[in-house]
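Take any residue in the sequence shown, count from 1 to its spot, add 2: that is its number in this note's numbering.
To keep things clear, I will list the structure first and then write my remarks on it.
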Amino acid sequence: MGGNLDVLHQRALDVPMQVVPWRLLNERGIQLILRRDDLIDPHQSGNKFYKLFYNLQAASQSGVGQLLSFGGTYSNHLYALAAAGHAAGIRTVGVVRGERPANLSPTLKDAEAWGMQLCFISRAEYRAGAEALRGRLRDAYGDFLLVPEGGANLDGARGAAVIGWAIAASLENEFDAVCVPCGTGSTLAGIASALPAGKPAIGFSVLKGAGNLGRDIAQVHQACLSLRSHLLLSYPDVASGAPWRLINGYHAGGYARKLPPMLVRFWRDFEAETGIFLDPVYSLKMFWGMAQLAAQGYWKPGTRLVAVHTGGLQGRRGFPAPSV
Ligand SMILES: *Cc1c(COP(=O)(O)O)cnc(C)c1O
């Protein structure tokens, strides 16, 4: 793997991986190795650091110097984009659905403080999609590179692939599968493309009604595999990357919905037992799904699972704390 690692690969290797005792897996003979990508950066936490890295690089190398993207009131993606742009000297525009509220959410307040220009648009316009708005946004903000909501483009997935690469590089064969929460699924697709064959990546969807998610993931996974041969870095010697699976049953009502009391209890118990904080929209649902699958005998005793903590803890500010 030599001396030609870029900053992203370096940073990824420095992320702690820790064996975390957790009764619900351990009593079934399953080991949990937690990859603490929530610690990779204080503000661009978790998978968004990876998904934005090559997008930022494209903005500076192309000379455009500005990234525009989309998100909601508590968007981890806009938050990370604002912080990343601030750190890298790239201008950022965040397009948010709905009216500008009298009081901004803490997420958007921070984003604005980092210099992100916020543009509020109606829900109908938002639904019409990025391309329909492009001309108007260009008139208002000048030239920009457009990053889809959630950072879900190929540069995003290619960045996320570095998570898979770092897992394989640091654990070699000492793991059996990698678990990750899924929104757009580009993190799952990227990770799977960089894992050795036989070490599947398992995504837990937080969306109700996954629609075309599986098809989209398959496409991005393929695209990452074709890109990989052009990269300078040596990836594990596999032709096809790892298979991936999408688990759909644990969205608990859908994206960012109010949590059922049972899940709030699970959240509180997990944090009390492990000392690891979870975000309520993504990682909580992954761990909940992992506990359910383990209880159903989905994994054999002796299985070593890597779980990716994708961060997003700033989003806790939009939810009642689990301990109340
Ligand atoms: C955005 C996000 C995800 C989802 O990533 P995708 O690549 O869209 O699947 C998962 N976890 C956290 C904490 C996130 O902020």
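Quick reminder that beta carbons are idealized off the backbone N, C-alpha and C, glycines included.
Computed from a predicted model, the values in this text were never measured in an experiment.
Distance, residue j Cα to residue i Cα
i, j, result
"Gly166", "Arg99", "33 Å"
"Met118", "Thr94", "5 Å"
"Cys121", "Leu261", "29 Å"
"Arg129", "Phe72", "11 Å"
"Leu197", "Met19", "16 Å"
"Leu54", "Leu7", "17 Å"
"Ala296", "Lys201", "17 Å"
"Leu265", "Trp290", "8 Å"
"Ile32", "Pro303", "6 Å"
"Gly251", "Cys184", "12 Å"
"Gly158", "Asn57", "7 Å"
"Gly131", "Leu70", "13 Å"
"Val240", "Ala14", "Residue placement at Val240 cannot be trusted, given a pLDDT of 49 that sits under 50; the coordinates are not used to answer."
Exposure of residue i, with buried meaning 16 or more beta-carbon neighbours within 10 Å
i, result
"Asn175", "exposed"
"Val21", "exposed"
"Pro103", "exposed"
"Arg259", "exposed"
"Ser207", "buried"
"Lys111", "exposed"
"Ala162", "buried"
Whether residue i touches residue j by CB criterion (7 Å)
i, j, result
"Ala85", "Gly96", "no"
"Gly317", "Tyr76", "yes"
"Ala293", "Leu41", "no"
"Val222", "Val310", "no"
"Pro263", "Phe321", "no"
"Leu156", "Gly205", "no"
Helix, strand or coil at residue i according to DSSP, with G and I counted as helix
i, result
"Gly216", "helix"
"Ser71", "strand"
"Ser207", "strand"
"Pro103", "coil"
"Trp301", "coil"
"Met1", "It is not possible to answer for residue 1, since the shown part of the chain is limited to 3 through 326."
"Pro202", "coil"
"Thr312", "coil"
"Asn6", "coil"
"Trp24", "coil"
"Gly291", "helix"
At least three beta-carbon pairs within less than 8 Å, the stretch 44-51 to the stretch 68-82:
yes
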